[in-house]
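**Student:** Below you will find the structure I want to go over with you.
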Amino acid sequence: MTPPLILAHRGASAYAPENTIAAFRLAHELGADGIELDVQLTRDKIPIVIHDDTVDRTTDGTGRVSELTVGEIAQLDAGTWKTEDYRGEKIPTLAQVFEELSDWLNPMGRVRPCLINVELKTERVRTDGLEQQTLNAISRYAIQHRILLSSFSPLALHRAKKINPRIPRGFLYDQTMPFYLRNALPRYWTAPQAMHPEYTMIDARYMEWARQKKLLVNTWTVDDPDQARRLAQLGVNAIITNKPDVIRGALK
Ligand code: G3P
Ligand code: MG
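Note that the sequence shown covers residues 9 to 260 in my numbering.
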């Protein structure tokens with residue numbers, strides 16, 4: 009059985025401030041096969057990498073991401089909340105991430121290139137342009153083949169599919185999500201190549217169901233070595249973790 013890919017959740021976010029260049033670089037150093045990151049639009053429609061819909065928890069500023077410009081976001085310190093060592097770390101734009109990781113995205117020799125799982129963070133019924141702007145950035149850097157999109161929003165995945173059906177999509181869900189958002193109909197609209205269930209939902213029966221539907225299974229967020237071994241034995245395709253070094257060690 010092929011071992012699962014190890015994707016660093018918001019970067020190596022157990023150790024470095026989540027969704028920053030420092031966390032993504034550290035993920036590479038710790039042996040991850042790629043990263044997961046969250047993307048949202050600023051007021052001036054620039055895709056930036058942040059999880060929450062406000063900057064309050066992870067920066068020294070306050071306010072909603074959708075009400076701040078990229079210039080205002082660039083002033084914020086996104087490192088110190090984690091530890092003083094990361095003072096000066098910024099919220100990156102998606103383009104800055106692609107720029108900064110170019111060595112990992114296009115490595116020399118036989119090094120495995122980075123896979124970037126771009127999670128479209130939106131609950132909007134009508135789009136603010138997130139899917140279009142994100143896909144524009146991806147094609148500008150010509151890294152379509154290194155990208156896996158995902159979202160808890162079937163609408164966002166559907167919109168992404170309409171814009172560029174060739175970029176693979178992962179259908180994110182957990183047990184708290186209403187059934188109408190995770191039943192067969194939204195799966196039909198979004199035509200995902202992968203399911204991204206929370207790891208507690210996965211057992212042998214689930215894997216058999218996915219195999220029959222020809223769906224890959226990428227799961228989150230797994231920091232426990234025993235869980236990682238269990239999921240690897242079941243045959244999951246990727247494990248999304250805050251601690252890529254721990255999971256790499258567990259799967260040796
Ligand atoms: O993509 C897996 C995981 O990131 C989904 O949840 O809230 O951490 O973005 P969240
Ligand atoms: Mg995420």
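C-beta: ideal position from N, C-alpha, C; glycine also.
Within 7 Å: the Cβ of H278 and any heavy atom of the ligand G3P?
**Tutor:** Nothing about residue 278 can be reported from this structure: the residues present for the chain run from 9 to 260 only.
**Student:** Measuring straight from C-alpha to C-alpha, what distance separates A82 and A24?
**Tutor:** Here the question's residue 82 lines up with position 74 in the sequence shown. Here the question's residue 24 lines up with position 16 in the sequence shown. If you take the alpha carbons of A82 and A24, they lie about 19 Å apart.
**Student:** What does DSSP give as the partner residue(s) for M204 in the beta ladder?
**Tutor:** What you label residue 204 is simply residue 196 of the sequence shown in a count that begins at 1. The displayed chain sequence assigns His, not Met, to residue 204. Answer by DSSP bridge pairing, in chain order: L180.
**Student:** Look up W89 in the DSSP assignment and say whether it is helix, strand or coil.
**Tutor:** As a working mapping, residue 89 is identified with position 81 in the sequence shown. In this structure, W89 counts as coil in the three-state DSSP scheme.
**Student:** Express the C-alpha separation of A192 and A202 in angstroms, rounding to a whole number.
**Tutor:** Residue numbering aside, residue 202 sits at position 194 when the sequence shown is read from its first letter. Residue numbering aside, residue 192 sits at position 184 when the sequence shown is read from its first letter. For A202 and A192, the distance between alpha carbons rounds to 14 Å.
**Student:** L15 bridges to which residues according to DSSP?
**Tutor:** Along the sequence shown, one-based indexing puts residue 15 at 7. According to DSSP, L15 bridges with G42, I248.
**Student:** For E127, does the three-state DSSP call read helix, strand or coil?
**Tutor:** In the sequence shown, residue 127 corresponds to position 119, counting from 1. E127: strand per DSSP, three-state reduction.
**Student:** Among the residues of its own chain, which have a CB less than 7 Å from the CB of R167, if the five just before and after it don't count?
**Tutor:** Indexing the sequence shown from 1 puts residue 167 at position 159. So the list reads T135, E139, once near-sequence residues are dropped.
**Student:** Sort D232, N245, M215 by Cα distance to G257 and report the nearest one.
**Tutor:** As a position in the sequence shown, residue 257 is number 249, starting the count at 1. The shortest C-alpha separation from G257 is found at D232.
**Student:** In terms of alpha-carbon separation, which member of A20, T227, W217, T208 lies closest to L180?
**Tutor:** Counting from 1 along the sequence shown, the entry for residue 180 is found at position 172. Ranking the options by Cα distance to L180, first place goes to T227.
**Student:** Quick check on DSSP: helix, strand or coil for Q83?
**Tutor:** Here residue 83 refers to the residue found at position 75 when the sequence shown is read from its first residue. DSSP places Q83 in coil when its eight states are reduced to three.
**Student:** Among G87, K53, H36, which residue has its Cα nearest to the Cα of G96?
**Tutor:** Stepping through the sequence shown from its first residue, residue 96 is reached at position 88. G96 has its Cα closest to that of G87, out of G87, K53, H36.
**Student:** Rounded to whole angstroms, what is the Cα-Cα separation between R118 and V126?
**Tutor:** For the purposes of this step, residue 118 is taken as residue 110 along the sequence shown, with counting starting at 1. For the purposes of this step, residue 126 is taken as residue 118 along the sequence shown, with counting starting at 1. Their Cα atoms are separated by approximately 24 Å.
**Student:** What are the uninterrupted segments assigned as alpha helix (DSSP H) that are 4 or more residues long and contained completely in the segment 142-201, given in chain order?
**Tutor:** Those alpha helix (DSSP H) runs which fall completely within the segment 142-201 and span 4+ residues are 162-171, 187-190, 192-198.
**Student:** Which of helix, strand or coil does DSSP assign to L102?
**Tutor:** Position 94 of the sequence shown holds residue 102. Helix, per DSSP.
**Student:** Give me, in chain order, the residues of the same chain whose beta-carbon lies closer than 8 Å to that of T62; leave out the 5 immediate sequence neighbours on both sides.
**Tutor:** Within the sequence shown, residue 62 is the residue found at index 54, counting from 1. The answer, listed in chain order, is T70, G71, R72, V73.
**Student:** Assuming L38 and P194 make a contact with CB atoms under 8 Å, what is their CB distance in whole Å?
**Tutor:** To locate residue 38, count along the sequence shown from 1; it is residue 30. To locate residue 194, count along the sequence shown from 1; it is residue 186. Not a contact, Cβ separation roughly 35 Å.
**Student:** Select from N245, Q48, K222 the residue whose C-alpha is nearest the C-alpha of A145.
**Tutor:** Within the sequence shown, residue 145 is the residue found at index 137, counting from 1. Comparing Cα-Cα distances from A145 to each of N245, Q48, K222, the minimum goes to Q48.
**Student:** Is it the case that the CB of E127 approaches a heavy atom of the ligand MG more closely than 7 Å?
**Tutor:** Sequence index remark: in the sequence shown, residue 127 carries index 119 (1-based). Under cutoff, so the answer is yes.
**Student:** According to DSSP, which residues form a beta bridge with P55?
**Tutor:** As a working note, residue 55 is residue 47 in the sequence shown. The partner list for P55 (beta bridge, DSSP) reads L49.
**Student:** Return helix, strand or coil for V119, following the three-state DSSP convention.
**Tutor:** What you label residue 119 is simply residue 111 of the sequence shown in a count that begins at 1. V119 falls in the coil class under three-state DSSP.
**Student:** In the structure shown, what three-state DSSP assignment does R72 receive?
**Tutor:** In the sequence shown, counting from the first residue as 1, residue 72 sits at position 64. Reduced to three states, the DSSP call for R72 is strand.
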